Structures are given as C-alpha cells and as structure tokens.
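Read the structure below first, then the notes.
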Amino acid sequence: MAMTHSDQASANLRRAVIVLICASVILVVGNGIRTSFGLMLVPMTTDLGWSRESFSLALAIQNFVWGAAQPFAGALADKFGDRRVIASSVGLYAVGLFLTAYSSTPLDFAVNGGVLIGIAMSGTGIPIMLSVVGRSVPESRRSLFLGIAGSAGALGQATVVHGVQFLIASGGWGWMLLVLSVASAALIPLAAAFAGRLHRQFGPAGSPSGPPAPAAASFDEQSMTRAIRSAGRNGGFWYLSGGFFVCGFHVIFIQTPLPAYIGDAGLSPNLAAVSISVIAIGNIFGSIIAGMLGERYRKRTVLSGLYFGRAVIIAVFVLSPVSEVSVLVFSFLIGLVWLSTVPLTTALVAQMFGIRYLATLFGLVFFGHQLGSFLGAWLGGYVYDATGSYDIVWWIAIALGVVAAALHWPIREPRPRLRFAAQQA
Numbered sequence: 000m001a002m003t004h005s006d007q008a009s010a011n012l013r014r015a016v017i018v019l020i021c022a023s024v025i026l027v028v029g030n031g032i033r034t035s036f037g038l039m040l041v042p043m044t045t046d047l048g049w050s051r052e053s054f055s056l057a058l059a060i061q062n063f064v065w066g067a068a069q070p071f072a073g074a075l076a077d078k079f080g081d082r083r084v085i086a087s088s089v090g091l092y093a094v095g096l097f098l099t100a101y102s103s104t105p106l107d108f109a110v111n112g113g114v115l116i117g118i119a120m121s122g123t124g125i126p127i128m129l130s131v132v133g134r135s136v137p138e139s140r141r142s143l144f145l146g147i148a149g150s151a152g153a154l155g156q157a158t159v160v161h162g163v164q165f166l167i168a169s170g171g172w173g174w175m176l177l178v179l180s181v182a183s184a185a186l187i188p189l190a191a192a193f194a195g196r197l198h199r200q201f202g203p204a205g206s207p208s209g210p211p212a213p214a215a216a217s218f219d220e221q222s223m224t225r226a227i228r229s230a231g232r233n234g235g236f237w238y239l240s241g242g243f244f245v246c247g248f249h250v251i252f253i254q255t256p257l258p259a260y261i262g263d264a265g266l267s268p269n270l271a272a273v274s275i276s277v278i279a280i281g282n283i284f285g286s287i288i289a290g291m292l293g294e295r296y297r298k299r300t301v302l303s304g305l306y307f308g309r310a311v312i313i314a315v316f317v318l319s320p321v322s323e324v325s326v327l328v329f330s331f332l333i334g335l336v337w338l339s340t341v342p343l344t345t346a347l348v349a350q351m352f353g354i355r356y357l358a359t360l361f362g363l364v365f366f367g368h369q370l371g372s373f374l375g376a377w378l379g380g381y382v383y384d385a386t387g388s389y390d391i392v393w394w395i396a397i398a399l400g401v402v403a404a405a406l407h408w409p410i411r412e413p414r415p416r417l418r419f420a421a422q423q424a
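In numbering that gives the first Met the number 0, the protein residues as written are 0 to 424.
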C-alpha cells in the first residue's frame, strides 16, 4: 500500500525527532566540555607556571581554528553527508582532549587544545548540529526545533561543568581531561542517526518532501559556489556575520575569565562552577523562548533586542558591587540572552538562502562569531596581564552589544513563502 501524505508527514516528523535527540546528546557533552575550559585557567597556569595570556591565547586559537574550519566542515557535510563528518570530528575531539592532558608547554596546549580541538568542534558544535536539525524539519517548526537543540548545549554547560569541577578537585586537570576524552569517544555511534548523503526532506513551504515548486528546485539545486556568491551579495548576510562577531566576543570573554574574575573578588571558587551552570539554566529558557518568538515576530527584531539586552545586563553588573547575589543574578540574566541568538541566526540564514547549503552558509556566518571569540579570549588575558583588571574589556563588550543591536535592523527578512521567488528574481 502506498504511503499517504499524512503517513509521510508523520514518518518525517519521527525522523526529525530522532535527529534532534542525537544532535542534542552530542551538544550536551561537546558544549559542556568546551564551556568548562575556563575552570582550568587557574589550576593549569598555577601548576605549569604559565601566564593567563598564554592560556587565553590557546583558547583564542581554538576558537579561531573552529571558525576557520567550520565552513569546510559544513561544505563536506553538505556534499558527502553529515554522518562521516560528525563521527570523525567526535573522534578527533577525543584525541585532542587526550593529548591536551599531557601538554607541558604553552605551545603543546596551543596545538592540542587549540588547533586539534578547534578542528573537532567544527564537526560537533552548534553550527553543524543546528544545520542538521534545521534541514530535518519543515520551516513552520524550524525555529522551535532549533531553539530546543540550542538549549541542549546549555544543558551540557549546566551539568558537565559540575562533573569537571569535581574531577579537577579530586584528581587534577590532567585526570579530568582523560575522563572527558573517553566520554567524547563514546558519542561516535550516535553519528549513525544522521544522513549518509544529503537529501531534501522538506520543500520550501514546510510540507513533506515531494515534487518541489520550480523556483524552489532551481534555488535548492544550484551549485555551492553559486549559493556562496548569492549570499555574499546580500547585505543581510554580512550584517548577520557582524552581529555574530559580537556574540562570539561576549560568550568567550564572559565564559573564560569569569571564574578567575569571581576568585579575584575574594568569592568562593565553587561559585564559579555554579555561575556557569546558572548561565546555562538561563540559556535553556532563553533558547526555547527565542525559538518561539522567532515563529511569531521578525527574527531580526528579536535579535536586536537580545543584543541590546546583553549590553544593559553587562553594564548593570559592572556598575554593581561584586557579591554572590550579583554574580548569580547576572549569570541567570545573561544566560537568557546567551546563545539564544544562535537558533534565530540559523533560522534566518535558512529563511534567506534555503536549506540545501545551510551548513556551509551558516558556517561562513559562524566564522564571524569565532573571530569575535578569538578577540574576546585573547584580549581578556592581555588586558588583565597589562592592567590587573578586566574592566576595559567589560566596557568594550557593552559598546559592542549596542553595535550588534543596530546591525540587525537593516536586514531584509523575506517571508517564508516568498523566499525562493525573491532569490530567483
């Protein structure tokens, strides 16, 4: 018996849920490990006699390499399928963590924890996972599914960080990295849930796959080179990249030195792990709420509000006395706007340019994010070593939040049903 339209829709939705679950598990572990690197700053630099700048530079290299490799990982996934890219990247993540455990010089750390893990992140991080999830669901549900997947990364930040803190306290940072290496290797079988070679599951209007409209077929079947050129001629693509630069600067600058910033203020070291978890809890709510708002309002408007909200929250924190209460309130509020920009940016790229080369195009936008991450990670350590304070960088972060809010206003956001016709015109 032939499968009915309703049966096909149900089967597609079930597959999309499986993809969402597997992608979420990888994000929980991968993002949880990545966001825990800040907890290593003090014990690792103390044990090995390194400066904070040398540690921060290695993380800056990690984020730069991640961003530079992301478009290539996306292109490989778009051309050869998600499964191979994700499985090999998870394996490389495990190798990078293992070798990082035996780093004895800043150069070792820069190569193992910076270059190798940075490459691995390009196939296991939020950009590739959200691209996989985004093209597995119809456009009508895409923002919500992306919001849920984005919250999975936050869940990893909320949970893994406590395990990392416990491992450091009980066995040291080297032992912690070895355990995380084994945990990463255990994720490889999950890659089997993803597509071996890319297939179009949904048409432009969000209906289950079938004969697409002529305009949609023409747009989705264009070459990768043509898709990249089309995006490069669109001003909105560059505005999104500029906004994502600010996002990367904020996330890495806050995430990496925050534990040290709390310790410098004379507060309990355990508060550092708690604050990172609170950021993640806020991010879980923020990502899902942002996904829901993206279905009701223009995504560019929501993005502008999120970036301006960051600037206000950081300003209030910097101007307030540092205490346990101020740290926890700041952590939750900044968590609400932390990575809630990611599902909206991913959905907007898909809405503007289609899903055929979503991993590639979002990877290019994400490179802007990682340039910001490089600057945020390195500048924080450099300014601290030069002045003994992070104050200058906090105020730079505030100014950049206002700039990012302004950048999203000029973006021309096409209506979903008109996207393909507009691109052809």
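All C-beta atoms in this analysis are idealised placements derived from N, C-alpha and C, irrespective of residue type, glycine included.
Because the structure is a prediction, the values reported are computed rather than measured.
| message | According to DSSP, is G371 part of a helix, a strand, or is it coil? | response | In the structure shown, G371 sits in a helix (DSSP, three-state: H, G or I).
key: 4 or more residues per run - each alpha helix (DSSP H) lying fully within the stretch 322-357   = 323-335, 340-352
Own chain residues within Cβ distance below 8 Å of V326, not counting five before or after: I261, L266, L270, S274
| said: Tell me the rounded alpha-carbon separation between Q156 and V27. | reply: Distance between the alpha carbons of Q156 and V27 is about 7 Å.
* By DSSP, does G171 sit in helix, in strand, or in coil? -> Correct three-state label for G171: coil.
Quiz item: Helix or strand or just coil, what does DSSP make of N282?
Solution: Taken through DSSP and simplified to helix, strand or coil, N282 comes out as helix.
With 16 other CB atoms within 10 Å as the buried threshold, where does V324 fall? exposed
Check whether the Cβ atoms of S150 and E294 lie closer than 9 Å to each other.
no
Would the stretch 60-70 count as touching the stretch 160-173 if we require 3 or more Cβ pairs under 8 Å? Verdict: no, contact absent.
task: Using beta-carbon positions only, say whether L168 and G122 come within less than 9 Å of one another.
output: The sequence given here has Ala at residue 168, not Leu. Contact flag unset, no.
Q.
If I follow the unbroken alpha helix (DSSP H) through M39, where does it start and stop?
A. Judged by DSSP secondary structure, M39 falls outside any alpha helix (DSSP H); it is assigned neither H nor E.
For L305 versus T340, is the C-beta spacing smaller than 9 Å?
yes
Just confirm the distance between the C-beta atoms of F316 and F307, as a whole number of angstroms; I'd bet it's less than 8 Å. No, F316 and F307 are not in contact; Cβ-Cβ is about 15 Å, not under 8 Å.
Exercise for the section: Helix, strand or coil for A272, going by three-state DSSP, please let me know. Expected result: DSSP places A272 in helix when its eight states are reduced to three.
Go ahead and pull the three-state DSSP assignment for L143. helix
Sufficient close CB pairs (3 or more, under 8 Å) joining the stretch 282-290 to the stretch 402-413:
no
Kindly give me the distance between the Cβ atoms of L176 and T99, rounded to whole angstroms, as I take these residues to be in contact under 8 Å. Contact flag correct, Cβ pair sits at about 5 Å.
Would you mind reading off the limits of the alpha helix (DSSP H) that contains P70?
Where P70 is concerned, the enclosing alpha helix (DSSP H) stretches over 51-79.
Beta-carbon proximity of D81 to T359, cut-off 9 Å:
no
What does a CB cutoff of less than 6 Å around I391 pick up in its chain, not counting 5 residues either side in sequence? V382
_Is the separation between the beta-carbon of F236 and that of V348 shorter than 9 Å?_
yes
Please determine, among A182, S9, F248, the residue with the shortest C-alpha to C-alpha distance to N30.
-> A182
Cβ separation of A289 and P342, assumed to be a contact under 8 Å, to the nearest whole Å: Between P342 and A289 the Cβ distance is about 6 Å, and since that is below 8 Å, they are a contact.
### Query
So, helix, strand or coil for F201, using DSSP?
Residue placement at F201 cannot be trusted, given a pLDDT of 44 that sits under 50; what the coordinates show is reported in the next sentence. Three-state DSSP puts F201 in a strand.
* Under 9 Å between C-beta atoms of A57 and V132 -> no
Q. Would a C-beta distance cut-off of 9 Å place F54 and L40 closer than the cut-off?
A. yes
Check your understanding: Can you tell me the Cα-Cα spacing of I116 and I397, whole angstroms?
Key -> 29 Å
Check the C-beta distance from Q369 over to G247 and give it rounded, since I have them as a contact under 8 Å.
6 Å
Between the alpha carbons of Q254 and L363, how many angstroms are there, rounded? 23 Å
message: Cutting at 7 Å between CB atoms, please list the residues of its own chain near Q245, excluding the five before and the five after it.
response: A quick correction: the sequence has Val, not Gln, at residue 245. In chain order, Y306, G371, L399, G400, V402, A403 place their CB closer than 7 Å to the CB of V245, counting only its own chain and leaving out the 5 sequence neighbours on each side.
_For A376, tell me which candidate among P256, A264, I313 has the shortest Cα-Cα distance._
P256
Span separating the alpha-carbon of T439 from that of A109 = A query on residue 439 cannot be resolved here, the shown segment of the chain reaching from 0 to 424 and no further.
Report task. Tell me, to the nearest whole angstrom, how far the beta carbon of G90 is from that of I17; I am working on the premise that it is less than 8 Å. Result -> Not a contact, Cβ separation roughly 22 Å.
Notebook entry, point to check: Who are the Cβ neighbours of L292 in its own chain at under 7 Å, not counting the five residues just before and after it?
Noted result: Counting only Cβ-Cβ distances below 7 Å, and skipping sequence neighbours, we find V301.
### Query
Beta-carbon separation of G95 and A119 under 9 Å?
yes
ask   = Under a Cβ-count criterion, where at least 16 other Cβ atoms within 10 Å of its own Cβ denotes burial, should F79 be classed as buried or exposed?
value = Classification for F79: exposed.
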